[in-house]
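Engineer: In terms of the numbering used here, the sequence shown opens at residue 61 and continues consecutively.
The C-beta atom is built at its ideal place from N, Cα and C for all residues, glycine as well.
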Amino acid sequence: MFGWIQLTLKYLVFKIGTFYKCFEFPKYQELEDDLRDHCIKRQIKGTIILTPEGINATVSSDKDKALEDLNLYLNNLVGDIEFRFSSSKTSPFKRLKIKKRKELVPSGTNGKSYNHKGKYLTPSEWLNFVHDSKNIIIDLRNDYENKVGTFKNSISPDTKNFREFKYFLKKNKKKFEDKNIGIFCTGGIRCEKALHSFEEEGLTDIYQLQGGILNFLSESKDKSSWQGDCFVFDERVTVTKDLAPGNFKQCYACRRPLSEEDLKRSEYKKGISCHNCFFEKSESDRIRYAERQKQFDMNKS
Numbered sequence: 061m062f063g064w065i066q067l068t069l070k071y072l073v074f075k076i077g078t079f080y081k082c083f084e085f086p087k088y089q090e091l092e093d094d095l096r097d098h099c100i101k102r103q104i105k106g107t108i109i110l111t112p113e114g115i116n117a118t119v120s121s122d123k124d125k126a127l128e129d130l131n132l133y134l135n136n137l138v139g140d141i142e143f144r145f146s147s148s149k150t151s152p153f154k155r156l157k158i159k160k161r162k163e164l165v166p167s168g169t170n171g172k173s174y175n176h177k178g179k180y181l182t183p184s185e186w187l188n189f190v191h192d193s194k195n196i197i198i199d200l201r202n203d204y205e206n207k208v209g210t211f212k213n214s215i216s217p218d219t220k221n222f223r224e225f226k227y228f229l230k231k232n233k234k235k236f237e238d239k240n241i242g243i244f245c246t247g248g249i250r251c252e253k254a255l256h257s258f259e260e261e262g263l264t265d266i267y268q269l270q271g272g273i274l275n276f277l278s279e280s281k282d283k284s285s286w287q288g289d290c291f292v293f294d295e296r297v298t299v300t301k302d303l304a305p306g307n308f309k310q311c312y313a314c315r316r317p318l319s320e321e322d323l324k325r326s327e328y329k330k331g332i333s334c335h336n337c338f339f340e341k342s343e344s345d346r347i348r349y350a351e352r353q354k355q356f357d358m359n360k361s
């Protein structure tokens with residue numbers, strides 16, 4: 061469980077752990093204080109989401125065995141949780157956030173993730189699945205994530221947020237009937253949530269990539285079916301096929317990823333705007349963002 065991923069880059073000192081577990085968790089609010097104390101003592105930063113349907117998190121620490129200790133701590137409380145590891149030269153998080161929410165991922169449905177169990181495919185099984193042209197592959201992530209990287213021949217629902225997915229599915233239901241459908245996302249949690257929507261539409265031949273893209277990139281020797289980087293929700297912005305931090309930056313106005321070419325565009329102003337959001341935001345928004353960036357730069361100096 062704790063086998064450390066051997067990256068080719070040297071001196072990567074921050075270990076990053078991504079994990080989730082879907083289960084009925086009525087006393088989720090009671091865990092917050094003890095969990096916070098445990099993380100602070102081990103200098104663990106990141107985002108942990110506690111909900112009535114389970115736990116979802118990405119955390120990081122440069123302290124030896126800190127994440128392994130957290131894994132054991134959670135295992136004792138809620139049962140086995142499998143961490144997916146990667147690494148970075150710098151901390152991908154500025155602070156620790158523990159959030160209490162109604163859902164693991166806002167879905168706009170009443171389905172509970174622990175009530176729906178899919179058919180999991182290991183990375184090697186997934187490779188065989190995606191290479192079969194008769195199968196349909198759906199990327200459950202948002203449009204800005206998909207544009208950074210995805211599996212070859214996958215379908216993007218072109219959603220702005222996960223709540224829109226159920227409408228995409230309803231609209232395209234006829235195309236998917238009597239088909240084997242493979243679904244994937246970053247770490248697996250959106251696949252768990254999407255199963256409810258598939259069941260509502262009567263679609264049952266659903267296969268999900270176990271552990272998501274991050275597990276595939278970690279475990280698969282053949283990564284040729286993956287194109288580009290993988291977007292992640294932390295300071296790294298993206299990771300490469302080798303799980304090393306990518307070269308994308310983030311627009312702090314709209315949170316979308318930006319390539320090196322995007323940073324050269326006239327619409328880009330650090331902390332204020334990019335080509336994605338320049339016409340989405342008002343002038344008052346940009347003034348507010350400019351003041352925020354000014355304060356950030358002053359605090360940094």
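On the criterion of 16 or more Cβ atoms from any shown chain inside 10 Å, does Y71 qualify as buried, or is it exposed?
Structural biologist: Unreliable positioning characterises Y71 in this predicted model, as indicated by a pLDDT of 48, which lies under 50. A coordinate reading is not provided.
Engineer: From the DSSP output, in three-state form, read off V297 for me.
Structural biologist: coil
Engineer: Quick one: what does DSSP say N136 is sitting in, helix, strand or coil?
Structural biologist: helix
Engineer: Quick check: the Cα distance between R316 and D282, rounded to an integer number of angstroms?
Structural biologist: 29 angstroms
Engineer: Quick one: Cα of I241 to Cα of E185, how far?
Structural biologist: 14 angstroms
Engineer: Does G271 come out as helix, strand or coil in the three-state DSSP assignment?
Structural biologist: The three-state secondary structure of G271, taken from DSSP, is coil.
Engineer: Who are the near neighbours of K309 in its chain, counting only those whose CB is closer than 7 angstroms to its CB and skipping five residues on each side?
Structural biologist: So the list reads V297, L318, L323, once near-sequence residues are dropped.
Engineer: Suppose you measure from the CA of T31 to the CA of T210; what does that come to, to the nearest Å?
Structural biologist: Residue 31 falls outside the range modelled here, since the chain spans only 61 to 361, and no answer is possible.
Engineer: Could you give the residue range of the beta strand (DSSP E) that holds F58?
Structural biologist: The question about residue 58 has no answer, for the chain in this structure spans 61 to 361.
Engineer: Among P166, R102, Y267, F143, which one has its Cα closest to the Cα of L187?
Structural biologist: Nearest option by C-alpha distance: Y267.
Engineer: Between V292, D294, T300, which lies nearest to S284 when the distance is taken from Cα to Cα?
Structural biologist: T300
Engineer: Bridge partners of Y180, per DSSP?
Structural biologist: Q268
Engineer: At which residue ranges does the stretch 92-172 contain complete beta strand (DSSP E) runs of 3 or more residues, listed in the order of the chain?
Structural biologist: 105-111, 114-121, 144-148, 156-160
Engineer: Tell me whether S216 counts as near the ligand PLP, meaning its Cβ is closer than 8 angstroms to at least one heavy atom of that ligand.
Structural biologist: Within the structure as shown, the ligand PLP is missing, as the structure has no ligands at all.
Engineer: Select from I243, K233, G288 the residue whose C-alpha is nearest the C-alpha of G262.
Structural biologist: K233
Engineer: For E343, which residues from the same chain have a beta carbon less than 8 angstroms from its beta carbon, with the 5 sequence-adjacent residues on both sides left out?
Structural biologist: The same chain holds no residue with a CB closer than 8 angstroms to that of E343 once the five nearest residues on each side in sequence are set aside.
Engineer: Can you name, in chain order, every residue of its own chain whose Cβ lies under 6 angstroms from the Cβ of A350, other than the five neighbours on each side?
Structural biologist: So the qualifying residues of the chain are I332.
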